[in-house]
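Peer 1: Got a structure for you, written out below as structure tokens; questions coming shortly.
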Amino acid sequence: MDIALEKKAHVFRLPVYLLDKLKELAKRDRRSLNNYVEVLLLDAVYHEPNEETVAAINEAKAGNLKGPIDTSSVEAMLKSMNL
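Here my numbering is used: the first residue of the sequence shown is 9, the next is one more, and so on.
Dropping the structure here:
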């Protein structure tokens with residue numbers, strides 16, 4: 009059974025450079041511009057980070073990380089994180 013979602017048209021004014029970039033990204037994903045923007049908006053609205061992720065983001069923004077992280081390999085990264 010197909011369920012059609014009700015949709016309503018709306019006009020947005022966007023800077024030309026942003027619209028051009030959105031068109032480029034939509035083309036790369038082989039999507040229509042409308043579908044690409046809809047997916048971006050749905051992701052932004054309905055996918056909020058959990059508490060652990062928010063804490064990690066805040067820690068990184070505050071600069072409370074303990075030294076540099078070695079990303080040359082997974083093993084090196086874990087070692088530099090004392091894991």
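Don't be surprised by glycine CBs; every beta carbon is placed ideally from N, CA and C.
Taking the C-alpha atoms as reference points, what is the distance between lysine 87 and alanine 52?
Peer 2: As a first step, residue 87 is located in the sequence shown; it is residue number 79 there, counting from the start. As a first step, residue 52 is located in the sequence shown; it is residue number 44 there, counting from the start. Straight-line Cα distance between these residues: approximately 34 Å.
Peer 1: Would you mind working out which of Leu30, Lys35, Asn42 and Leu26 sits nearest alanine 17, comparing C-alpha positions?
Peer 2: On the sequence shown, position 9 is the one that residue 17 refers to. It is Asn42 whose Cα lies nearest to the Cα of alanine 17.
Peer 1: Would you report the Cα separation of lysine 15 and asparagine 90, rounded to the nearest angstrom?
Peer 2: On the sequence shown, residue 15 is found 7 positions in, with the first residue counted as 1. On the sequence shown, residue 90 is found 82 positions in, with the first residue counted as 1. Their Cα atoms are separated by approximately 50 Å.
Peer 1: Out of Leu49, Tyr54 and Gly71, which has the shortest C-alpha to C-alpha gap to leucine 30?
Peer 2: Position 22 of the sequence shown, counted from the first residue, corresponds to residue 30. The candidate whose alpha carbon is nearest that of leucine 30 is Leu49.
Peer 1: List the endpoints of the continuous alpha helix (DSSP H) containing threonine 79.
Peer 2: Residue mapping note: residue 79 aligns to position 71 of the sequence shown, counting from 1. Neither: threonine 79 is in no alpha helix (DSSP H) and is coded neither H nor E.
Peer 1: In angstroms with no decimal places, state the Cα-to-Cα distance between glutamate 32 and arginine 21.
Peer 2: Against the sequence shown, residue 32 aligns to sequence position 24. Against the sequence shown, residue 21 aligns to sequence position 13. Looking at the two C-alpha atoms, the distance is approximately 18 Å.
Peer 1: First and last residue of the alpha helix (DSSP H) that includes aspartate 28?
Peer 2: What you label residue 28 is simply residue 20 of the sequence shown in a count that begins at 1. Residues 24-36.
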